[in-house]
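Shown next, in C-alpha coordinates, is the structure this report addresses.
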Amino acid sequence: MKMIDMFKTFAAEEDGAVTVDWVVLTAAIVGLGLAVMLSVRGATEGLATKISNKIMTMDAK
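Mapping of the sequence shown onto our numbering: residues 2 to 62, in sequence order.
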(Lines of atoms letter the chains of each structure in order from A; the text may use other names.)
(Lines give C-alpha, C1' and ligand atoms only; values in the text may rest on other atoms or scores of the structure.)
Protein backbone atom coordinates (compact mmCIF):
# COMPACT_ATOMS: atom_id res chain seq x y z
CA MET A 2 0.00 0.00 0.00
CA LYS A 3 2.80 2.38 0.80
CA MET A 4 4.42 1.88 -2.65
CA ILE A 5 1.16 2.84 -4.39
CA ASP A 6 0.95 6.04 -2.32
CA MET A 7 4.54 6.91 -3.25
CA PHE A 8 3.77 6.37 -6.93
CA LYS A 9 0.66 8.58 -6.73
CA THR A 10 2.68 11.32 -5.05
CA PHE A 11 5.41 11.02 -7.71
CA ALA A 12 2.87 11.18 -10.55
CA ALA A 13 1.21 14.26 -9.03
CA GLU A 14 4.50 16.22 -8.74
CA GLU A 15 4.96 18.89 -11.41
CA ASP A 16 8.34 20.29 -10.35
CA GLY A 17 10.22 17.99 -12.72
CA ALA A 18 8.10 19.03 -15.69
CA VAL A 19 8.80 22.71 -14.99
CA THR A 20 12.52 21.99 -14.81
CA VAL A 21 12.42 20.21 -18.16
CA ASP A 22 10.57 23.18 -19.69
CA TRP A 23 13.25 25.59 -18.44
CA VAL A 24 16.05 23.38 -19.74
CA VAL A 25 14.45 23.20 -23.17
CA LEU A 26 13.84 26.96 -23.29
CA THR A 27 17.40 27.69 -22.17
CA ALA A 28 18.82 25.34 -24.80
CA ALA A 29 16.72 27.05 -27.48
CA ILE A 30 17.94 30.51 -26.43
CA VAL A 31 21.57 29.37 -26.41
CA GLY A 32 21.12 27.75 -29.83
CA LEU A 33 19.60 30.90 -31.29
CA GLY A 34 22.39 33.00 -29.81
CA LEU A 35 25.02 30.78 -31.40
CA ALA A 36 23.23 30.89 -34.75
CA VAL A 37 23.12 34.69 -34.67
CA MET A 38 26.76 34.90 -33.63
CA LEU A 39 27.87 32.62 -36.46
CA SER A 40 25.85 34.50 -39.07
CA VAL A 41 27.15 37.93 -37.99
CA ARG A 42 30.78 36.91 -37.42
CA GLY A 43 31.86 37.08 -41.07
CA ALA A 44 30.46 40.55 -41.64
CA THR A 45 31.94 41.80 -38.38
CA GLU A 46 35.41 40.52 -39.28
CA GLY A 47 35.19 42.16 -42.71
CA LEU A 48 34.15 45.48 -41.23
CA ALA A 49 36.94 45.33 -38.64
CA THR A 50 39.47 44.70 -41.41
CA LYS A 51 38.20 47.67 -43.42
CA ILE A 52 38.40 49.96 -40.39
CA SER A 53 41.90 48.73 -39.57
CA ASN A 54 43.09 49.34 -43.13
CA LYS A 55 41.58 52.84 -43.14
CA ILE A 56 43.28 53.73 -39.87
CA MET A 57 46.64 52.41 -41.13
CA THR A 58 46.46 54.59 -44.24
CA MET A 59 45.59 57.78 -42.38
CA ASP A 60 48.27 60.43 -41.98
CA ALA A 61 49.32 61.15 -38.43
CA LYS A 62 48.66 64.81 -37.63
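Backbone N, C-alpha and C fix where the C-beta goes; we use that ideal spot for every residue, glycine too.
Look at the alpha carbon of residue i and the alpha carbon of residue j, and state the distance between them as a whole number of angstroms.
i     : j     : result
Lys9  : Lys3  : 10 Å
Asp16 : Asp22 : 10 Å
Leu39 : Thr50 : 17 Å
Val19 : Ser53 : 49 Å
Leu26 : Val41 : 23 Å
Gly43 : Val24 : 30 Å
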